[in-house]
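What follows is a short report on a single structure.
Protein chains in written order, with this note's numbering: chain A, 145 to 589; chain B, 145 to 589.
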C-alpha cells in the first residue's frame, strides 16, 4: 500500500492516486500516515473527498490530528469540522492544546459551537460526554412512507440511522423503532402501531461504564439519552460503547498491576510520567512490606539458632501472594461482569475456603516430599511447620482475596484496587507471622 | 417485576400476564427466571410468543436452558429451535449433555441439521464457529427496488440485515452495501453502481480474537466469512464479536493471575475444578521460589552474623515483584491492543530502563531516610546496600517485565503467561542474590 502510493506521487499520477485512496478503509490511514513524510501526508489528505477526509481525521491519534491541523488552511479545517460528528469534535477539542482549540472553534458554525459547549460541560465519565446529538426523530402519527422520507432527508449525516426514536411534540421519547421493522411494514402503516413503546433509556449523568454494559446485555446498536424530563437529548452508538468498555478494561488492568491509570498510549507517555504513575503505589507497598520485615526481625532468635527456616520464607511469601491474587482477580472480574454480587459474600467465601483447603493440602504434601528428598526424612518437624503454614496461609490468602475486594465494593471504592499487589503484601505479613509462630511452637525455640 | 408477575399468576389473569411479558426485554428474563420456581417459569415461558420464546431461550445460561428443555414437549422444543439462529443453536449444542443434544437434533429440520453439523466441525476459536449462515445476498444487476424486495422477503429471519453482500452467480463476494446506502439511493439505481467493491473479509479459519479486533478497528456491524475460493459462507455479527472480546479479556485476566482459564462461570465451577485450575501454576511457582530459598540459604553466614539483613528481604522481594508486574502488564496489554509490536523491543526496553532508574532512585532515597529514622544515622552501610539493591532490582525487574513477554510473543506463546506471578518469582531470585552479594561486599562478611 505504502509503496504503491509513493510510486503514484513520484510519477505525479494524482488522479490514479485519488481513485486508489478511495479504496482504502479510513481505519487503515493512521498506520499509513505514521510511516510517511509530512509533505506526502498533506498531498494524500488533500486528495480525499470531504466526507472521507473527515472520517480519516476522526480515526487519527491526537498527536497526528494536531500535526495535521497545523498544516491545514482555515478553509480546509472548516471542511473537516463541518463533516465531523459532534461527539468526535468534542473528543478532539478535549485532546488539543488551547491554541489549536481556538482555531477549531473559530471554524465551527455558531449554532454548532453551542451544542459542542453543552457537550463539553457534562461531568467526566457520564453518558453526556460520549453521546452525539444527531439522531433520527419520528412522530407517532407519521406513516412508514413519511418516516423513510425523513430518514432520507437527514439520514446522510447521522452516525447511525438504524434505530429511530419516536418523540412527542415536547420531545419526550415515547417509542423506538428499528429500520428493519420499517422495512418489513406496509408504507401506509402508522409509526405508533409498529413502534416499541418500551424504551430503555439512560440519563445524561449515567456512568459511561454502566451504559457500555447495557449494550453488552441488550445487544443494542444505539441507546437514547434523556434529560430529567424524559426529553431525548442524544444517543450513544455501539462504536463509542465498545471504546468505553476497552478503556475501562485497560484501566482495570493498570490498577491491578499497581499502576495509576493513564489515558495516553504507552509510547506517547513520557518517561517521567511513567515513573510518576508507578512510584505512588510502589512507595505505598514498600511501607506495607516494611511491616513484614519488622515481624521477621522480631524472630531474629529463631532464625539465628535455626537458619534453615529463612530459606522457606520466599516460598511461603510467594505462594501466599499467588493464592490471594488468584482469588482477588476472580472476585474483581466477577463483580465487573455482574456475576458476583455483594449479597453472595458468604457463598464466595465458603467456596474459597474449601478451594484453599484442597490447594493447601496438595501443596503441603508436595513440599513434604521435597523436604524429605532435599534434607532427608529426619526433617519431620520442618515439614510439619512448612506444611501447616501452607494450609493456613492458603486459607488466609484466599479469604483476604475475597474479603478485601468485597469490602472495597461495600465502601463504594473500586474493587480493582484490592488486586494482587496489595493482597500480596498483606498476605506476606500474615505468612511470616504464622510461619515463625508455628516454628517457635513446634521446635520449642 | 417479579412481584407483579406472581400476583398475575396467583389471580389467574393470564391474558394480562401475556401482555405484560411482551413489554419485558428478552435480556431481562434470565435474572427473573433465577428468582422463580420451576412451575412458574414454565407458565411464563409458555405464554411468550414463538419469536420471543426463542429470543429468551438464547439469552439463558446453559444450566437453565437444560432445565427448560427437559420440561418442554417435543413440539414446544421444535418451535424454539425453528426460531433460533444457527450460531445460537450451535452454541446450545456445544453446551448441552449428549442426551439433550439428541433431543434437540431430533427436532431440527434435516436441511438445518446439515448446516449445524458443518458449523460444529470448524476448529475451536475460529471464525467458522461463531459465524451464522444467515445473511442477505444481492446480485450486481439488481436495482435498489429489487434489493429492498429481497430484504423484505428474507429479512425477518436475519440476525442482521443492515449489511448486504453482493455475490456473483458462483457465490463469490464482489461487493458490500449498507442498508443506509440503499435508503438514500434512487429506486432504479443498480446495485453494482452503489456497492462498495472493497470488501474486507475473513476466512472460516481466522482466529476469532483477530476477527473481534477488526470490529473494533473498522466499526463494522458484521463481517463476511469466505472459504478458500472467496465464496461467502457466513457472516459474523457485532454482538458475537463483543462476546469474543469479553471472553478473551477474561482469559487474559485469569492467565495473568496464574489461574487456568475456564469457560464456566464462577459459581457453576465446582470447588474441585476451581482447585485444579489453580494448583498447576501454584506448584510450578512453588518450585521457582525454592530457587530463591536456596540462594538465601547460601548466605546463611551473612545473615547469622548480621540478622538485620533478613528483615529487608520482604521489602526487596515485593518491590522487585511489583516493578516487574507493572511493566509486564503494560507490555502484555500493549500487545493485545496492537500498540506495542515486536519490532519496538529496544524502544520499550530503553524506556523501561529509564523509568526504572527514576523509580529505583526515588525508592532508595525514601528508604534511606526510613533507615536513618528507624536505626539511626550510623547505618550508612545498610542504607547503601538496600538503596543500591533497590536501583539494581528496579532495572532488572523492569527489564525482565519487558523481555519475557516479548520473548513469549517471539516464540508464538501467549505473552499473558509472562505476567506478574511468574515475573515475581523470577525477580525474587535476582533480588535476593543481588542484595546478599552487595551486603557481603560492602560489610565485608
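We put the CB at the ideal spot given by N, CA and C, even for glycine.
For residue i, which residues from the same chain have a beta carbon less than 6 Å from its beta carbon, with the 5 sequence-adjacent residues on both sides left out?
i	result
residue 575 of chain A	460, 461, 464, 537
residue 222 of chain B	251
residue 392 of chain A	353
residue 388 of chain A	352, 356
residue 493 of chain B	546
residue 540 of chain B	574
residue 549 of chain B	472, 475, 476, 559, 562
residue 382 of chain B	359, 365
residue 503 of chain B	538
Does the separation of the CB atoms of residue i and residue j fall below 8 Å?
i	j	result
residue 202 of chain B	residue 228 of chain B	yes
residue 186 of chain A	residue 215 of chain A	yes
residue 483 of chain A	residue 410 of chain B	yes
residue 466 of chain B	residue 351 of chain B	no
residue 425 of chain A	residue 254 of chain A	no
residue 321 of chain B	residue 337 of chain B	no
residue 507 of chain A	residue 434 of chain B	no
residue 370 of chain B	residue 317 of chain B	yes
residue 170 of chain B	residue 200 of chain B	yes
residue 477 of chain B	residue 397 of chain A	yes
residue 386 of chain A	residue 366 of chain A	no
residue 485 of chain A	residue 415 of chain B	no
residue 312 of chain B	residue 429 of chain B	no
residue 281 of chain B	residue 309 of chain B	yes
residue 234 of chain B	residue 212 of chain B	no
residue 347 of chain A	residue 271 of chain A	yes
residue 176 of chain B	residue 205 of chain B	no
Within its chain, find whatever has a CB closer than 7 Å to the CB of residue i; leave out the 5 residues flanking it on each side and keep chain order.
i	result
residue 249 of chain A	257
residue 578 of chain B	533, 536, 537
residue 572 of chain B	433, 436, 461, 464, 465
residue 512 of chain B	527, 531
residue 293 of chain B	none
residue 161 of chain B	149, 152, 153, 191
residue 165 of chain B	188, 191, 192
residue 362 of chain A	344
Does DSSP put residue i in a helix, in a strand, or in coil?
i	result
residue 193 of chain A	coil
residue 229 of chain A	coil
residue 347 of chain B	strand
residue 317 of chain B	strand
residue 180 of chain B	coil
residue 270 of chain A	strand
residue 340 of chain B	strand
residue 456 of chain A	helix
residue 485 of chain B	coil
residue 392 of chain B	helix
residue 328 of chain A	coil
residue 530 of chain B	helix
residue 256 of chain A	helix
residue 603 of chain B	With chain B running from 145 to 589 in the structure shown, residue 603 of chain B is simply not present.
Give me, in chain order, the residues of the same chain whose beta-carbon lies closer than 8 Å to that of residue i; leave out the 5 immediate sequence neighbours on both sides.
i	result
residue 515 of chain A	523, 526, 527, 530
residue 452 of chain A	519, 526
Can you name the residues that DSSP bridges to residue i?
i	result
residue 463 of chain A	According to DSSP, which records beta bridges pairwise, residue 463 of chain A is partnered with nothing at all.
residue 366 of chain B	B:381
residue 371 of chain B	DSSP, once it has assigned bridges, lists no residue as partnering residue 371 of chain B.
residue 310 of chain A	A:282, A:319
residue 276 of chain B	B:379
residue 287 of chain B	B:334
Check: Given a limit of 7 Å on CB to CB distance, which residues of the stretch 516-527 of chain A reach chain B?
Finding: Listed by position along the chain: nothing, the set is empty.
Notebook entry, point to check: For the stretch 152-166 of chain B, which residues have a beta carbon sitting closer than 8 Å to at least one beta carbon of chain A?
Noted result: Those residues of the stretch 152-166 of chain B that come within reach of chain A (Cβ to Cβ, closer than 8 Å) do not exist; the list is empty.
Note to self: Give me the subset of the stretch 371-385 of chain B whose CB atoms are less than 8 Å from a CB atom of chain C, sorted by chain position.
What the structure shows: The structure shown has no chain C; the protein chains it does contain are A and B.
Notebook entry, point to check: In the stretch 525-550 of chain A, which residues sit with their C-beta less than 7 Å from some C-beta in chain B, listed in chain order?
Noted result: Taking 7 Å as the Cβ-Cβ cut-off against chain B, none of the residues of the stretch 525-550 of chain A qualify.
Checklist line | Selection of the stretch 175-207 of chain A by Cβ proximity to chain B, strictly under 7 Å | finding: Within the stretch 175-207 of chain A, no residue places its CB atom closer than 7 Å to a CB of chain B.
Checklist line | Residues of the stretch 401-418 of chain B with Cβ closer than 8 Å to any Cβ of chain A, in chain order | finding: Against chain A - using a Cβ distance shorter than 8 Å - the residues of the stretch 401-418 of chain B are 401, 402, 403, 409, 410, 411, 415, 416, 418.
Next item on the list: For the stretch 487-510 of chain B, enumerate the residues whose C-beta is nearer than 7 Å to any C-beta of chain A, in chain order.
Entry: Cβ contacts with chain A: 495, 498, 499, 502, 503, 506, 507, 510.
Next item on the list: Quick one: which residues of the stretch 459-480 of chain B get their C-beta closer than 9 Å to a C-beta of chain A? List them in chain order.
Entry: Correct list: 459, 460, 461, 462, 463, 465, 466, 467, 469, 470, 471, 472, 473, 474, 475, 476, 477, 478.
Next item on the list: For the stretch 437-459 of chain A, enumerate the residues whose C-beta is nearer than 8 Å to any C-beta of chain B, in chain order.
Entry: For the stretch 437-459 of chain A, residues whose beta-carbon sits nearer than 8 Å to a beta-carbon of chain B comprise 437, 438, 440, 441, 444, 447, 448, 451, 452, 454, 455, 456, 457, 458, 459.
Note to self: Counting only Cβ-Cβ distances shorter than 8 Å, please list the residues of the stretch 281-298 of chain B near chain A, keeping chain order.
What the structure shows: So the close ones are 292, 295, 296.
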